[in-house]
Each structure stands twice: as C-alpha cells, then as structure tokens.
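Report on one structure; see the data block that follows.
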Amino acid sequence: MLSRMDGSSEITEAQHKKYQKLASEYSKLRARAAVLRNAVLDEQSKGESLREQLRQSETALRRSEQEVDSLGFRNRQLEHRVAALQDEIAKREGRIKTDNEYVRKHTVTGKGDLPGAVGERDVGQDALIFEELQKKIMENAELTTMVDDKEHELQIQGERLLDLQKMLEKRNIEFTESEKHFRRDFEVLQKRNTELESKLVDAISMLGSEDALSASGSDHTPFHVAAQQHDQSTLSTASVPTAEERICSLEKEMVHWRTQYEILKINEATTLNETKNGLYDNNITCSSACIPEYSNCSCSSTAAGLIVKSGSAEAKSSRDSYKEPTLPPTKEEILYNSFSKKFEHLLKSKYLAESRMFSYETEVEHFQICLENATHELNSKDEQIGSINQALKILEEDLATTRINYEEQISVLTEQVISLSEQLAASK
C-alpha cells in the first residue's frame, strides 16, 4: 500500500511539474504573442505611412514630370529663339566687319571714324529692342491664354444654363399638365354641384306646386291642423314663418299623401284577390264596411311610421270568418316591408354617397398637396435660375471688360511691335 501511495504521489508531482512547465511556456508564448501583435500593428502602421509617402511621392513625381515637360517645351522655344538671335548676330557681325573695312578704307584715305561708332550704337539699340520685343511677345501669349480660359468658362456656364432651361421647360410642362388635370376635376365637381342645385330647385318648385293643392284640399288633414295650431302658437313669437318650417310641413304632407296612395293601392290589390276567390257578395259588403274604416285610418296615420288601425271589432270578425287557411300578409306588414326596403335603399345610397364624398375629399387633398409641392419646386427652380442668370451676367460683364482690356493691351503691343520693327528696319 505504501509503495502504491508513493507511486501515486510521484505521478502527481510529475504531472504538477509538467503542468507548471506548460503554464510557464503558455505565459511566455502569450507574452510573445502580445509582443508580436504589437509588432504587427506597428508594421501595419509603418506600411500605411509608407503607402501614403509613396502616394505623395507619386503625385510629386507627376507634378515634376509635368513641370519638366513644360520646362522642356520652354527650353525648346528658347533654343529656337537663341538660334534665331545667333543668326541675327552673325548677320550683324558680318555687317560690322564690312563697316570696319569701310572705316579702315576711309581712315586710310583720311576720313573720320564715325561709321564704327554708329555701328556699335546700332548693335546696343538692337539688343534692347529684341529684349523688349521678347517681353511683349510673352505678355501677349499670357493674355491670349487668359482669354481662352475665360471663353472656356463662359462655354461651361452656357451649357449649364441650357441644361437648367431644359429642366425648367420640363417642370413647366408638368405643371401645365397637372393644372389641366386639376381644372378638369374642378369642372366635373362644378357640374355635379350644378346638377345637385338644379335638383334642389326642382324639388323646391315641386313643393311650391303642391303647396296650393295642400292648401286647398288638405285642410282636414292632421298635419294641416297641427300646422295651424303651431302657427297660432307661434304668432306671438314670430310674425312670419320661415321657409325651412314651411318646407318641413310640406314634406310631411307629401309623405302623408304618398302613404295614403300606397294604402289605396294595397286595398285595391286585396279587393281584387278577394274577388278572384268568388266571394262577390260577401266582399261587396265587406268592402262597404271597410271603406269608412279606411277613412278613419287615414285620419289617424302618421308620416314617419304609419300604423293602420281598424275602426270596429265586428269587421275583423267578419273578415276572419271568410279568410282562407293560408293567411295573406296584413296591411301593416306590407307597409312595414315596403318602408323598410325603402329605408334600407336610402341608407345604402347614403353610405355610398358618404364613401364617395370621403374618397373625393382625399383625392382633392392629395391633389392640393401635389400642387403645393409643384409650386414650391417651381419657385425654387425659378430662384436658382435667377441666381444663375445673375452670375452669368456678372461673368459676361467681367468677360467683356477683360476682353476690352486685352484688346487695348494687344493694340498697344501691336503698335509697339510695329514701332520696334520700323526702328529695326531703319537701323538696318
């Protein structure tokens, strides 16, 4: 047992040592990894800095190449000028030699040495004249390049102005089309409004035409009696009734007479059905007993919801004795069904009209928003075009002034060149 314990303790100690070694190596590797990571980051930053330096050097190289090209071109021009000047100097030296020979001949013969001094003076004046001529030529070249640059800028601004004018034309076309569309919609709405107004006028005229009939033949109706009572009660408060009250009373009377007409139609239909069944005598007596009942019902009916009531219970018993086992619908049910159908139809038409009105309102609001946006865009484009036109006018004025100045300078230079050429010709 002791040997086993010793062996196990040795194994654990060995494992612990190995673990410590691995931990130390891991810590060393971790430290090295951190160092290497920092080194990599430093190298990356150095690489980025070197890339930036390379880009800067490339740009500097390009600039230097361009400068070298321009200097080479100028050097060539100077070489050509130097060659031309050397040729002229050679010609001048040849002339001077001839003048010297001429002077020597004259000195031998006993004349003065004035032509030699005159030749030296002419050479100095010619050198000064050439220098001034070169300066004027350089100034003329610079002025021509500036004029070309201004013309190029003016061309660019003109192209931009043309593009803006095209955009403005497109916007104007779109605005006119939208305005036409809105006008069409407005005309359609105006037509609908006029139609509704005409219908309202027709309804008022119909009510006015029925006014005489209602005044002449409906004095015994309950509506007329109620209206008279209402008028008598309101005489103390108002001397003249309003048009709206009159229209309401006429509408009530119209509804009353329509219900009476429908009741008469229903009565005729029921009487015809009863006559078809072969009950002639009984139907005649029943109809003679029913007529006053209907007259009493007509007086007790209302305009909003009509309910027909029989005058006596004996008539009901006489009808029930002659009824068939399949009971037909009563008058109240027929009236209720007809009015309920009409009421449903009116409700449907009302909801449809409300939905259409809501859709039209939303469309009109959308069109108004679109019109406002289009007007804002058009105003902004007008402002941009105005500012661009002002800038263009300023540039045109600057160009005109610079052109005038350059033309004056060129004319002065040409005059100077002409005078210098005349001096050269005179000196030759």
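Residues 3 to 430 (the numbering used here) make up the sequence shown, in order. Where a beta carbon is used, it is the ideal one built from N, C-alpha and C, also for glycine.
(1) Can you tell me whether Thr272 is helix, strand or coil according to DSSP?
(2) Any contact between the stretch 193-200 and the stretch 412-430? By contact I mean 3 or more CB pairs, one from each, below 8 Å.
(3) By a C-beta neighbour count over all protein chains shown, 10 Å radius and 16 as the cutoff for buried, is Thr261 buried or exposed?
(4) So, with DSSP's three-state summary, where would you put Thr178?
(5) Say whether the stretch 155-175 touches the stretch 341-361, bearing in mind that this needs 3 or more beta-carbon pairs closer than 8 Å, one atom from each stretch.
(6) Taking just the CA atoms, how far does Glu95 sit from Arg57?
(7) Please state if the CB of Glu155 and the CB of Leu373 are separated by a distance shorter than 9 Å.
(8) Are Ser342 and Glu264 touching if we call contact CB-CB under 9 Å?
(9) Taking DSSP as the reference, what is the three-state secondary structure of Glu416?
(10) Run through DSSP, which three-state label would Thr492 get?
(11) Given Glu141, which residues of its chain have a CB within under 8 Å of its CB, disregarding the five upstream and five downstream residues?
(12) So what's Thr146 in DSSP terms, helix, strand or just coil?
(13) Nearest to Leu337 by CA position, among Glu385, Ile371, Lys267 and Ser29, is which residue?
(14) Where does Thr332 sit, in a helix, a strand or coil, going by DSSP?
(15) Here's the rule I'm using: 16 or more other beta-carbon atoms within 10 Å means buried, otherwise exposed. How should Ser251 be labelled?
(16) Figure out for me which residue from Pro330, Lys182 and Lys19 has the closest Cα to the Cα of Thr273.
(17) Taking the beta carbon of Phe255 as the centre, do at least 16 other beta carbons fall within 10 Å, making it buried, or is it exposed?
(18) Count the other C-beta atoms from every protein chain shown that fall within 10 angstroms of the C-beta of His258, then say buried if there are 16 or more, exposed otherwise.
(19) For Gln17, decide whether its Cβ has a neighbour in chain B, counting only Cβ atoms nearer than 9 Å.
(20) Kindly confirm or deny that the stretch 370-388 and the stretch 127-136 touch, where touching means at least three C-beta pairs closer than 8 Å.
(21) One question on the structure: do Tyr362 and Leu191 come within less than 9 Å of each other, judged by their Cβ atoms?
(22) If the criterion is Cβ atoms closer than 9 Å, does the pair Glu134 and Leu426 meet it?
(23) From this set, Ala143, Asn102 and Val366, which residue's C-alpha is nearest Gln79's C-alpha?
(24) Please say whether Leu401 and Glu153 have beta carbons closer to each other than 9 Å?
(25) Would you grab the beta carbon distance between Lys383 and Arg173 for me? Rounded to a whole angstrom, and I think it's under 8 Å.
(26) Whole angstroms are fine: how far does the CA of Gln136 sit from the CA of Arg53?
(27) When you compare only the Cα positions, how much space is there between Phe345 and Asn269?
The short version:
(1) As a working mapping, residue 272 is identified with position 270 in the sequence shown. Helix at Thr272.
(2) no
(3) Stepping through the sequence shown from its first residue, residue 261 is reached at position 259. Burial call: buried.
(4) What you label residue 178 is simply residue 176 of the sequence shown in a count that begins at 1. Looking at Thr178 - three-state DSSP - the assignment turns out to be helix.
(5) no
(6) Looking up residue 57 in the sequence shown gives position 55. Looking up residue 95 in the sequence shown gives position 93. Roughly 55 Å between the two C-alpha positions.
(7) Against the sequence shown, residue 373 aligns to sequence position 371. Against the sequence shown, residue 155 aligns to sequence position 153. Contact flag unset, no.
(8) Residue mapping note: residue 342 aligns to position 340 of the sequence shown, counting from 1. Residue mapping note: residue 264 aligns to position 262 of the sequence shown, counting from 1. In this structure, Glu264 does not lie closer than 9 Å to Ser342 by Cβ.
(9) Counted from its first residue, the sequence shown places residue 416 at position 414. It is Thr, not Glu, that sits at residue 416 in the sequence shown. The answer is helix: DSSP assigns Thr416 an H, G or I state.
(10) In the structure as shown, the chain starts at 3 and stops at 430, and residue 492 therefore has no counterpart that could be examined.
(11) To locate residue 141, count along the sequence shown from 1; it is residue 139. Contacts found: Gln411 and Leu415.
(12) Here the question's residue 146 lines up with position 144 in the sequence shown. DSSP places Thr146 in helix when its eight states are reduced to three.
(13) In the sequence shown, the residue the question calls residue 337 occupies position 335. Closest by alpha carbon: Lys267.
(14) The residue given as residue 332 occupies position 330 in the sequence shown. In the structure shown, Thr332 sits in coil (DSSP, three-state: anything other than H, G, I, E or B).
(15) As a working note, residue 251 is residue 249 in the sequence shown. Buried: at least 16 other Cβ atoms inside 10 Å.
(16) Residue numbering aside, residue 273 sits at position 271 when the sequence shown is read from its first letter. The shortest Cα separation from Thr273 among Pro330, Lys182 and Lys19 belongs to Pro330.
(17) Numbered from 1 along the sequence shown, position 253 holds the residue referred to as residue 255. Checking the sequence shown, residue 255 turns out to be Glu, not Phe. Glu255 comes out buried.
(18) Mapped onto the sequence shown, residue 258 falls at position 256. Under this definition His258 is a buried residue.
(19) The question asks about chain B, but that chain is absent: this structure has only one protein chain.
(20) no
(21) In the sequence shown, counting from the first residue as 1, residue 362 sits at position 360. In the sequence shown, counting from the first residue as 1, residue 191 sits at position 189. It is a contact, given that the beta carbons lie within the stated cut-off.
(22) Start at 1 with the first residue of the sequence shown, and residue 134 comes out as number 132. Start at 1 with the first residue of the sequence shown, and residue 426 comes out as number 424. Their beta carbons are not under 9 Å apart, which means Glu134 does not touch Leu426 by this criterion.
(23) Taking the first residue of the sequence shown as position 1, residue 79 is located at position 77. Considering only alpha carbons, the answer is Ala143.
(24) Taking the first residue of the sequence shown as 1, we reach residue 153 at position 151. Taking the first residue of the sequence shown as 1, we reach residue 401 at position 399. Yes, these two residues count as a Cβ contact at 9 Å.
(25) In the sequence shown, counting from the first residue as 1, residue 383 sits at position 381. In the sequence shown, counting from the first residue as 1, residue 173 sits at position 171. Contact holds; Cβ gap of about 6 Å.
(26) To locate residue 53, count along the sequence shown from 1; it is residue 51. To locate residue 136, count along the sequence shown from 1; it is residue 134. In a straight line, the C-alpha of Arg53 is about 46 Å away from that of Gln136.
(27) As a working mapping, residue 345 is identified with position 343 in the sequence shown. As a working mapping, residue 269 is identified with position 267 in the sequence shown. Rounded to whole angstroms, Phe345 to Asn269 spans 23 Å at the Cα level.
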